Amino acid sequence: MTLSAPGFHAERCVRYRYRYSACRRCAEACPHEAVELLDEGIRLDAARCQNCALCTAACPTAALGADNLPRLDLLRRAIKTERFSFACAPSGLAADAIVPCLGALDAAMLAYLAKRRIAVELHGSRHCAQCAHGAKGEAQLAARMEAADTLEAEAAPEEWRAAVLAEAPGGSGAGADFRAGRRQLFRRLIGRGVDEVARAAAPAAELPVEEKAIRAGAWFVPEMRELLAIVCKRKDACPEQSRRGEAFRIAPQAALPLMDIRLRQGCTACEACFRVCPTGALQIREESDSWNLAFAIDRCVGCGVCLEVCQPRVLYAAESFDATPEREPAVLRQLAKQRCNRCDRFFVSSESCETCPVCTDDADAFTAIFGN
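Numbers 4 to 375, taken from the working numbering, label the letters of the sequence shown in order.
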């Protein structure tokens with residue numbers, strides 16, 4: 004197990020993409036206060052970091068990655084067997100795979116293995132009370148189990164094989180039911196106090212940063228989001244019960260990188276949401292005579308930075324939505340292109356105009372300097 008701190012990909016971080024983003028998921032997930040929030044992203048304190056990988060699971064854009072939690076490699080190993088076990092490193096228990104913390108296992112991973120009917124056992128959850136990662140790790144594990152349970156319920160009548168929390172050595176059984184284990188986790192969380200579980204990192208000191216509100220970066224869709232698309236795709240269970248073609252309807256959850264973006268009236272076509280999106284879920288599609296703002300739900304990870312950057316506050320997240328994958332992007336706004344009567348270039352505006360914004364600004368500046 005490596006002791007190095009997780010790697011940070013700045014271009015994927017919403018705090019880098021949008022200077023004024025209030026995202027603090029990684030800092031709130033860290034039990035060691037090792038994450039410093041900056042206007043250009045984050046900084047990890049190597050002296051404090053214990054590489055529990057909880058921050059990597061909390062980040063929906065995969066801006067953080069831990070070498071000691073190779074999620075795809077773990078999945079490749081697990082799908083080759085009928086049974087697979089995970090154990091957290093601090094517990095010292097044996098398993099097919101040792102992970103830094105059970106709370107770092109994504110809901111998408113748990114749901115995917117359950118959908119494939121692979122018997123998964125999780126070892127070490129009863130060690131949380133004595134573990135340095137426990138206050139935050141236990142809460143994250145509970146949230147991810149809850150999210151996987153939600154996906155399983157919506158997938159019915161498909162028969163999934165839910166993960167189980169293994170009994171401690173000398174326990175009364177081979178494993179505890181997934182849902183019973185989740186309830187145990189929540190009872191223990193309540194007993195220890197919400198203030199301890201939800202304790203966030205101290206706010207970072209202000210540092211000088213580049214004076215740019217929106218920073219460009221390459222689009223990137225995390226592997227766990229692609230895995231979730233597989234989970235949300237219905238398959239035939241039995242002929243008389245098949246729900247193929249029905250919506251896979253869920254509500255937004257912090258543990259699921261999913262969101263459905265909608266648009267109210269009032270959009271100014273400023274394109275800020277498109278420029279700030281780290282995954283390309285919000286797209287500008289231009290035709291010969293029209294401008295279109297489109298939303299591709301398959302690429303959305305629910306980071307919410309588009310909602311933050313929208314100045315007229317007309318973007319919003321649906322309270323429940325269809326997560327079925329492989330759908331055409333939805334057109335949120337369509338505007339006819341207009342031709343400027345001064346420069347003869349096409350432009351887009353929410354209002355009918357004779358001149359484009361550039362020519363209008365030039366004319367206003369000329370008038371301000373020289374008068375009418």
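Yeah, the Cβ is synthetic: ideal placement off N, Cα and C, and Gly gets one too. Bear in mind the structure is a predicted one, so any value in this text is a computation, not a measurement.
Which residues in the same chain as residue i place their Cβ atom closer than 6 Å to its Cβ, once the five residues preceding and following it in sequence are excluded?
i: R80; result: none
i: E289; result: none
i: A275; result: V312
i: D292; result: K340
i: G196; result: Confidence is the limiting factor: at G196 the pLDDT is only 38, short of 50, which leaves the residue's position unreliable and the question unanswerable from this model.
i: R22; result: D42, A216
i: C303; result: M262, A284
i: A366; result: none
Within the same chain, show all residues whose beta-carbon is closer than 7 Å to that of residue i, passing over the 5 residues directly before and after it, in chain order.
i: Q286; result: F277, A297, A299, P332
i: F251; result: E157, C235, R237, D325, A326, T327
i: C104; result: C55, A56, L57, C91, H136, G140
i: L47; result: A8, P9, F11, A37, V38
i: R28; result: A61, C62
Can the beta-carbon of residue i be found less than 7 Å from the beta-carbon of residue j?
i: P328; j: A258; result: no
i: A66; j: R15; result: yes
i: A169; j: H130; result: no
i: C309; j: C280; result: yes
i: A132; j: A56; result: no
i: K139; j: P34; result: yes
i: A8; j: C52; result: yes
i: I253; j: E149; result: no
i: S1; j: T271; result: The requested residue 1 does not occur in the structure, where the chain is confined to residues 4 to 375.
i: V102; j: F87; result: no
i: C362; j: R342; result: no
i: A320; j: M262; result: yes
i: Q337; j: N295; result: yes
i: P93; j: C134; result: yes
By DSSP, does residue i sit in helix, in strand, or in coil?
i: F277; result: helix
i: Q133; result: helix
i: A65; result: coil
i: R22; result: coil
i: F89; result: strand
i: L78; result: helix
i: I300; result: helix
i: Q341; result: strand
i: F373; result: helix
i: V351; result: coil
i: D325; result: strand
i: A320; result: strand
i: E357; result: coil
i: A32; result: helix
i: R27; result: coil
i: S7; result: coil
i: L259; result: coil
i: A100; result: strand
i: I121; result: coil
i: L168; result: strand
i: R218; result: coil
i: V224; result: coil
i: D365; result: helix
i: G44; result: strand
i: A37; result: coil
i: R147; result: helix
i: R330; result: coil
i: E161; result: coil
i: E289; result: strand
i: R252; result: strand
i: R51; result: coil
i: L57; result: helix
i: R15; result: helix
i: L72; result: coil
i: L108; result: coil
Which whole-angstrom value describes the C-beta separation of residue i and residue j, a residue pair presumed to lie in contact below a C-beta threshold of 8 Å?
i: C306; j: C26; result: 7 Å
i: A166; j: A110; result: At roughly 11 Å, the Cβ-Cβ gap does not stay under 8 Å, so A166 and A110 are not in contact.
i: V224; j: T282; result: 5 Å
i: A114; j: E85; result: Between E85 and A114 the Cβ distance is about 18 Å, and since that is not below 8 Å, they are no contact.
i: F350; j: P360; result: 7 Å
i: Q143; j: A32; result: 6 Å
Considering only residues of the same chain and omitting the five flanking positions on each side of residue i, which have a CB-CB separation below 8 Å?
i: G178; result: The predicted position of G178 is uncertain, since its pLDDT is 43 and thus under 50; no value can be drawn from it.
i: R18; result: S24, C26, L40, L41, D42, E43, G44, I45
i: P315; result: G269, C270, T271
i: R74; result: D109, M112, E226, M227
i: R147; result: A60, G106, L108, D109, A110, L113, A258
i: T64; result: R15, C16, V17, F223, P225, P281, T282, V304, C306
Open item on the list: Is it the case that the segment 264 to 278 contacts the segment 115 to 131, given that we only count it when at least three CB pairs across the two stretches are under 8 Å?
Closed with: With a cut-off of 8 Å, the segment 264 to 278 and the segment 115 to 131 do not count as touching, because too few Cβ pairs lie within range.
Task: At least 3 beta-carbon pairs within less than 8 Å: the segment 93 to 109 vs the segment 35 to 45 - done: With a cut-off of 8 Å on Cβ pairs, the segment 93 to 109 is not in contact with the segment 35 to 45, counting fewer than three such pairs.
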